[in-house]
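Protein chains: 2
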Amino acid sequence: MSLRYALLAILRVGALSGYDLQKQFSLSVGHVWHAPDSQIYPELRKMEQEGLVEAEEQTRGERGRRRLYHVTDAGDRAFLDWMAAPLDYQRVRDPAHLRAAYLETTTPEAAREFLARHITVWSAELAQWEGELARIDALSNPMLVRRLAVTAEEDRERTIAYKRFAYEGLVERARGEIEWARRGLDLVDRVS
Amino acid sequence: MSLRYALLAILRVGALSGYDLQKQFSLSVGHVWHAPDSQIYPELRKMEQEGLVEAEEQTRGERGRRRLYHVTDAGDRAFLDWMAAPLDYQRVRDPAHLRAAYLETTTPEAAREFLARHITVWSAELAQWEGELARIDALSNPMLVRRLAVTAEEDRERTIAYKRFAYEGLVERARGEIEWARRGLDLVDRVS
DNA sequence: ATCTTCATGTAAATTGTTACATGATTTT
DNA sequence: AAAATCATGTAACAATTTACATGAAGAT
């Protein structure tokens, strides 16, 4: 149930419509927490009912409408409370390592394909996250720039440092997965 | 939906009751795919309906009963098909890295607590997995021994090697998380 | 005109979590 | 006799995924 906190994290920086939020989301927090728009719209409505956000109804042209969501004080508090509370860790659920433990039951070709795909998938993630790191350093990430604009001078360094720290962790994870799968490919060659 | 394949992987080695399966599960695949008994019993029933397993009804004492589940040919094929098919990767959903990206919004104390807990949680996982590696090497893991007993001589080395490979990956992951969180603690000290 | 982007959702199905519920058998 | 373990589930809820559905506004 971190979705609402991910949404609050973005909205706290400034009001957005569901649509814009969803785009910002996929460009920032979405790297760490995926959610499709069909989940975001209903969640915003629920958060509105619970008083965490307020919708400012706007019209667009003749009949177009949009709802601009603002974080309320209660929403702000909810976010800060969540940040200060212990994180609840979910149990591991890792289909790739599950399969890896049983690779002897399939053909070497299927095993190689699985590992090659693992490398492809994690390389894509790695590229994303390294790109994000570069954008953080170049201050060219729009979300980060928006955040820095509403951040007091003395807090800017920390803000950047933590964001960097988060992405570094993701980059290392991806590198680890890729190295592991490479070793797996060697292993397949060795034992088959 | 890897749960059923995790269950099949265990049952393929030999028939078990839901209760024993659940215990084996938590001692082996459970490290990679957690599932509570309240999920395992219904899943077994569903798999029975779909013809992947067959239940042998047994009595225990006067009125006690148990259902011993055997994998059917269809179940065996389903498992092998799954092993040979491309794995579907879920999108990232990582509350720890999500929170890490926003650590500047909380107090240094809360940030430290979060990171310390991250280290604790992953150290526990690490200990589990290193223990598992040691048990693989010592051939003292009961599940592995059962599996080797039904494995042809020439396939034993591969079986062990892949199991080792899977756990090595998990160990490295845990080490990475711990190192990352340690660096995070240094960072908190530096910026606050 | 038509294509893209803006804009907001509903519905159904699946998956997973938490709590509850029950009772037999074996061991101390 | 009590405690531990064996044994099997149901119920309610929460979270997630996938697919569907609709239409306005702005750009080419």
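Chains as they are written, first to last, in this note's numbering: chain A, 1 to 192; chain B, 1001 to 1192.
Every residue, glycine too, gets a C-beta built ideally from N, C-alpha and C.
Keep in mind it's a predicted model, so treat the numbers as computed, not measured.
- For the C-beta of Arg-99 of chain A, the chain B residues within less than 7 Å are, from N- to C-terminus, Met-1083 and Leu-1087.
- At a cut-off of 4 residues, the continuous stretches assigned as alpha helix (DSSP H) that sit fully inside the stretch 4 to 58 of chain A are 18 to 27 and 37 to 49.
- Neighbours of Pro-42 of chain A in chain B, taken as residues at a C-beta separation under 8 Å, are lacking, since the least C-beta distance is about 17 Å.
- In this structure, the alpha-carbon of Val-1145 of chain B lies about 54 Å from that of Glu-157 of chain A.
- Beta-carbon to beta-carbon, Arg-1099 of chain B and Met-83 of chain A are separated by about 7 Å, close enough to satisfy the 8 Å threshold.
- Short of 7 Å from the beta carbon of Pro-1108 of chain B, and not among the five residues preceding or following it, lie these beta carbons of its own chain, in chain order: Val-1188 and Ser-1192.
- Annotated three-state conformation of Arg-156 of chain A is helix, per DSSP.
- Residues of the stretch 131 to 153 of chain A that bring their beta carbon within less than 9 Å of a beta carbon in chain B comprise Thr-151, in sequence order.
- A contact between stretches requires three or more CB pairs, one per stretch, nearer than 8 Å, and the stretch 1073 to 1087 of chain B fails this requirement with the stretch 17 to 29 of chain A.
- DSSP places Arg-65 of chain A inside the beta strand (DSSP E), whose first and last residues are 64 to 71.
- Annotation: Thr-120 of chain A to Trp-1129 of chain B spans about 26 Å, alpha carbon to alpha carbon.
- When DSSP states are grouped into helix, strand and coil, Arg-175 of chain A belongs to the helix group.
- Straight-line spacing of the CA atoms in Tyr-1102 of chain B and Thr-59 of chain A works out to 33 Å.
- Per the coordinates, the alpha-carbon of Gly-1176 of chain B lies some 14 Å from the alpha-carbon of Ala-1127 of chain B.
- Sorting A:Glu-154, A:Ala-149 and A:Arg-182 by C-alpha distance to the C-alpha of Val-13 of chain A places A:Ala-149 at the top.
- Distances from the alpha-carbon of Arg-1045 of chain B to those of B:Val-1071, B:Arg-1063 and B:Ala-1181 put B:Val-1071 closest.
- In the DSSP annotation of this structure, the continuous segment of the alpha helix (DSSP H) that includes Thr-120 of chain A starts and ends at 108 to 137.
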